[in-house]
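**Student:**
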Amino acid sequence: MRRWKPRAAIWNVWGASIPISFNWFDVTSEKIAGIYDTVIMNPPFHEGRVTDVSLGQSFIAAAASRLKPGGRLLMVANRQLPYELTLKGLFKTVTLLEEAEGFKIFDAKK
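Per full-length UniProt numbering, residue 1 is the first one in the sequence shown, and the count goes up by one each step.
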């Protein structure tokens, strides 16, 4: 994965004078510090060729633990992955924004 991609988002908001910063973490191997307004992710769900739903669930839990009250998790996942119960257990509201072409997009608020 190329690390320059998040910088494109900075350029999009630069003209609007919106303070923004980006962090890139692997929650399975890095300790995450700080409290965040928003987390955007596409969590992994397999190691090699073996599907492991708990891997994605651990990413969701890590995001929930680092969001401020009222913070948002925006997440894309493959349609067949059963993340709804995990999201509903960790967030006050969970909205399915879109489901199409084998994917679903969630907006979860703490």
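Where is the CB? At the ideal position from N, CA and C, for every residue including glycine.
Hey, would you say A77 sits closer than 8 Å to K104, going by beta carbons?
**Tutor:** Reading the sequence shown from its first residue, position 77 is the one you call residue 77. Reading the sequence shown from its first residue, position 104 is the one you call residue 104. Yes, the Cβ-Cβ distance between A77 and K104 is below 8 Å.
**Student:** Going along the chain, which residues of its own chain have a beta-carbon closer than 8 Å to the beta-carbon of R79, five neighbours each way excluded?
**Tutor:** The residue labelled residue 79 in the question sits at position 79 within the sequence shown. Closer than 8 Å at the Cβ level, and outside the excluded window around R79, lie E99, G102, F103, K104.
**Student:** Short check: CB of K68 to CB of I32, under 8 Å?
**Tutor:** Your numbering for residue 68 matches position 68 in the sequence shown. Your numbering for residue 32 matches position 32 in the sequence shown. Contact: no.
**Student:** If the criterion is Cβ atoms closer than 8 Å, does the pair V94 and R66 meet it?
**Tutor:** Against the sequence shown, residue 94 aligns to sequence position 94. Against the sequence shown, residue 66 aligns to sequence position 66. In this structure, R66 does not lie closer than 8 Å to V94 by Cβ.
**Student:** Does the beta-carbon distance from residue 113 to F45 come in below 8 Å?
**Tutor:** Nothing about residue 113 can be reported from this structure: the residues present for the chain run from 1 to 110 only.
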